[in-house]
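Working notes for the structure below.
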Amino acid sequence: MGFKAGMTHIVRDVDKPGSKLHKKEVVEPVTILEAPPMVVVGFVGYVETPRGLRALTSVWAGHLSEECKRRFYKSFHSSKQKAFTKYQKRWSEASKGSETPMAAEVERAKKYCQVIRAICHTQVGKVSIGQKKAHIKEIQVNGGSTEKKVDFAMGLFEQEVKVADIFSQDEMIDIIGATKGHGFEGVVTRWGVTRLARNLVLLEIFSILFGRCWFGGCLLFFWFVCCLVVLWLFVVVCSVVMLHDTLSTCKASHTAGSERLATGNLK
Numbered sequence: 001m002g003f004k005a006g007m008t009h010i011v012r013d014v015d016k017p018g019s020k021l022h023k024k025e026v027v028e029p030v031t032i033l034e035a036p037p038m039v040v041v042g043f044v045g046y047v048e049t050p051r052g053l054r055a056l057t058s059v060w061a062g063h064l065s066e067e068c069k070r071r072f073y074k075s076f077h078s079s080k081q082k083a084f085t086k087y088q089k090r091w092s093e094a095s096k097g098s099e100t101p102m103a104a105e106v107e108r109a110k111k112y113c114q115v116i117r118a119i120c121h122t123q124v125g126k127v128s129i130g131q132k133k134a135h136i137k138e139i140q141v142n143g144g145s146t147e148k149k150v151d152f153a154m155g156l157f158e159q160e161v162k163v164a165d166i167f168s169q170d171e172m173i174d175i176i177g178a179t180k181g182h183g184f185e186g187v188v189t190r191w192g193v194t195r196l197a198r199n200l201v202l203l204e205i206f207s208i209l210f211g212r213c214w215f216g217g218c219l220l221f222f223w224f225v226c227c228l229v230v231l232w233l234f235v236v237v238c239s240v241v242m243l244h245d246t247l248s249t250c251k252a253s254h255t256a257g258s259e260r261l262a263t264g265n266l267k
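Per full-length UniProt numbering, residue 1 is the first one in the sequence shown, and the count goes up by one each step.
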């Protein structure tokens, strides 16, 4: 699992007979990904059923890093941080004896499971993204029998798996990307809905306020409403002026009252 670090461009020679760019140099954009080593911390065994795969059992490693444990909590700082403490105790007690830790679950996976997937987590501490919780994912192990798959996965417990161990240079691979997320957005951002032009928006507002018809009775009604608004403003302004003028002769007490009324703080 990698994280986008940036973009740049390269100049390469095209080797494609029949193309106009054959044996010519082209400039192409490239994306730089930073992929720190991943750590294997367990495996999950699946059983094939008529309804699909079903998880039968899972085995975890004896030690989990703090960044991996943080993924199991919503608020790691305010929690008691007791995740996997009992599991780790069982693992350590079994390691002291002669038997293999979690031997029963391992044998169960070897006997019944058909699909084995390794549980791996990223090391976000090695990437400057300001995050402490590791990303956990399952990676399927292919090739060989189920016993060999389980032994291979357990052999990688608490070990790092680097990109060079999986991919080679100039290999063609498929990449699945996920954005950082942009929160809640409207239909324009999500689906690209065309917005109304500025003039159309104004006409739409006026049509909603004063009706969608601009002739005949609607136009007369519009002018009637405008006259009422102007008359109402004239009456309000006049009443305030008259109130000031009237109360100004009543000395200080009534002047204070009129000022509170003018500012809307009358009690």
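Backbone N, C-alpha and C fix where the C-beta goes; we use that ideal spot for every residue, glycine too.
**OP:** For the segment 104-184, list the alpha helix (DSSP H) runs that are entirely contained and at least 4 residues long, ordered along the chain.
**Re:** 146-155, 163-166
Subject >> Straight-line gap, L33 to G97 (C-alpha atoms, nearest Å) >> reply: 44 Å
Original post:
Can you tell me whether DSSP reads E48 as helix, strand or coil?
Top reply: Strand at E48.
Subject >> residue 317 versus A55, Y112, Q88, C113, residue with shortest Cα-Cα distance >> reply: Any property of residue 317 remains undetermined from this structure, which presents the chain solely from 1 to 267.
Subject >> Stretch pair the segment 12-31 + the segment 39-54: three plus CB contacts closer than 8 Å >> reply: no
Subject >> DSSP bridge partner residues for W60 (one or two, in chain order) >> reply: G42
**OP:** Using alpha carbons as the reference points, say which of C68, E160, A104, K180 lies closest to K82.
**Re:** C68
Original post:
R108 and T57 look like a contact to me (Cβ under 8 Å); what is the Cβ gap, rounded to whole Å?
Top reply: 5 Å
Original post:
Using the rule of at least 16 other Cβ atoms within 10 Å of the residue's Cβ for burial, across every protein chain shown, is K23 buried or exposed?
Top reply: Around the beta carbon of K23, fewer than 16 other beta carbons lie within 10 angstroms, which makes this residue exposed.
Original post:
Just to confirm, does S145 get its C-beta within under 7 Å of one of the non-hydrogen atoms of the ligand FAD?
Top reply: Questions concerning the ligand FAD fall outside what the structure shown contains, since it holds no ligand whatsoever.
**OP:** Could you tell me the boundaries of the alpha helix (DSSP H) in which A5 lies?
**Re:** Element bounds for A5: not the alpha helix (DSSP H) but the beta strand (DSSP E), 3-13.
Original post:
With DSSP run on the structure shown, which of helix, strand or coil describes G186?
Top reply: coil
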